[in-house]
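Novice: Heads up: the sequence shown runs through residues 4 to 273, numbered per this note's numbering.
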Amino acid sequence: MATSACSVARLQGGGCIGSPTSRSTSARGKAASGSSGAQAPCMMAAQPLLRILCLAGFRQSERGFREKTGALRKALRGRAELVCLSGPHPVVDVAGSEGARPDSGPCPPEEQPRGWWFSEQEADVFLALEEPTACRGLEEALGTVAQALNKLGPFDGILGFSQGAALAALVCALGQGGDPRFPLPRFVILVSGFCPRGLGLMEPIMQGPLSLPSLHVFGDTDGVIPSQESMQLCSRFDGAVTLTHSGGHFIPAAAPQRQAYLKFLDQFAN
4 MATSACSVAR
14 LQGGGCIGSP
24 TSRSTSARGK
34 AASGSSGAQA
44 PCMMAAQPLL
54 RILCLAGFRQ
64 SERGFREKTG
74 ALRKALRGRA
84 ELVCLSGPHP
94 VVDVAGSEGA
104 RPDSGPCPPE
114 EQPRGWWFSE
124 QEADVFLALE
134 EPTACRGLEE
144 ALGTVAQALN
154 KLGPFDGILG
164 FSQGAALAAL
174 VCALGQGGDP
184 RFPLPRFVIL
194 VSGFCPRGLG
204 LMEPIMQGPL
214 SLPSLHVFGD
224 TDGVIPSQES
234 MQLCSRFDGA
244 VTLTHSGGHF
254 IPAAAPQRQA
264 YLKFLDQFAN
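1) So A149 and F190 are in contact, right, with Cβ under 8 Å, and what is the actual spacing, rounded?
2) Where DSSP assigns a beta bridge to C214, which residues make up the other side?
3) At what residue ranges does the segment 115-166 contain a whole run of the beta strand (DSSP E), taking only runs of 3 or more?
4) Counting Cβ pairs, one atom from each stretch, are 3 or more of them under 8 Å apart for the segment 190-201 and the segment 169-178?
5) May I ask you to list the residues that DSSP assigns as paired with A83?
6) If I follow the unbroken alpha helix (DSSP H) through F267, where does it start and stop?
7) My output table needs one value for G201: the three-state DSSP class, helix, strand or coil.
8) Skipping 5 residues on each side, what residues in its chain have a beta carbon closer than 6 Å to that of F61?
9) Alpha carbons only, please: which of L193, L88, T224 is nearest the one belonging to C215?
10) For L88 and A151, which I take to be in contact (beta-carbon distance under 8 Å), what is that distance rounded to the nearest angstrom?
11) Count the other CB atoms within 10 Å of the CB of L132; is the residue buried (16 or more) or exposed (fewer)?
12) Quick check: the segment 239-254 against the segment 154-161, are there 3 or more CB pairs under 8 Å?
13) Given that a residue counts as buried once 16 or more other Cβ atoms are within 10 Å of its Cβ, and exposed if not, what is A272?
14) Out of curiosity, what's the CA-to-CA distance linking S122 and V174?
15) Kindly list the residues whose CB is nearer than 7 Å to the CB of Q124, restricted to its own chain and excluding five residues on each side of it in sequence; keep chain order.
16) Leaving out the 5 sequence neighbours to the left and right, which residues in its chain are closer than 6 Å to T147 when beta-carbon positions are compared?
17) With a threshold of 8 Å on Cβ separation, who are the neighbours of S230 within its own chain once the five nearest residues in sequence on each side are excluded?
Shown next, in the form of structure tokens:
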């Protein structure tokens, strides 16, 4: 694999929304009472789970994103809790998209494909690689993330996939710039990410550098978000770490990638 220009350290490797759960606490043994003064055996301290807010891609449903992150959740079992969040805007006319039903019946809310924002004023489309005519719905997207952080948090990190990765990067930039809605997480993981275009007055905030630890994951054969787009986003972060794989537009979680995720997350385990 080619070495990333933005990498300081390169990692080699090929719960959804609901009531917030508190971070697990250490289990401690308690002294047993009795005339003998004997104590119960000391319990092993449990490692608290890292809580990660995960932002879905464009045209992904809540249920579909849960399924797409299933292998990652299994790989991180015992280390991290993934809380999945889909965009606020229903996406119409999504034949063949992720989460779409094979029939013409109405989708339950959790199966409705959604997006974070649209790149045209009149059409529910998003073209990541073209200069948009609008960023319609972006403020609602930011509000959705802010509400999740407030009601479901606290979170240790944010993970974003595709359009969700672009939004996660923007949220971190706004947080670093002092936006009180977005407390800066301890880390961010961006999968198939890209620099969002057409942000208007928010454009300067994405020029970086962003100082929080980041892991950038992308595929060498990604036909939706080319690797150079992910590398451009990576360059906005100080000390960025990259994890590349030989596949396309998905969240990799095979054994080699699992070790890379764990190596990155271990530094935040205490």
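C-beta atoms are modelled at their ideal positions from N, C-alpha and C, and glycine is treated no differently.
Specialist: Quick look at the numbers:
1) Approximately 19 Å separates the beta-carbon atoms of A149 and F190; this is outside 8 Å, ruling out the contact.
2) Position check: residue 214 holds Ser in this sequence, whereas Cys was assumed. DSSP output for S214 lists no bridge partner at all.
3) Here the runs fully enclosed are 160-164.
4) Three or more beta-carbon pairs separated by less than 8 Å link the segment 190-201 to the segment 169-178, which places the two stretches in contact.
5) L53, per the DSSP bridge assignment.
6) Residues 258-269.
7) Coil, per DSSP.
8) A distance below 6 Å between beta-carbons, with the five flanking residues on each side excluded, links F61 to the following residues of its chain, in chain order: G118, F129, Q166.
9) For the record, residue 215 in the displayed sequence is Leu; it is not Cys. When each option's Cα is compared against that of L215, the closest is L193.
10) Confirmed, about 5 Å.
11) Exposed, since its Cβ has fewer than 16 Cβ neighbours within 10 Å.
12) No, the segment 239-254 is not in contact with the segment 154-161.
13) A272 should be labelled exposed.
14) In this structure, the straight-line span from the alpha carbon of S122 to that of V174 is close to 18 Å.
15) Same-chain partners within the cutoff: T136, A137, R139.
16) Residues P91 of the same chain have their beta carbon placed closer than 6 Å to that of T147, with the five preceding and five following residues left out of the count.
17) Annotation for S230: F221, G222, D223, T247 place their beta carbon closer than 8 Å to its own, counting only its chain and skipping 5 residues before and after.
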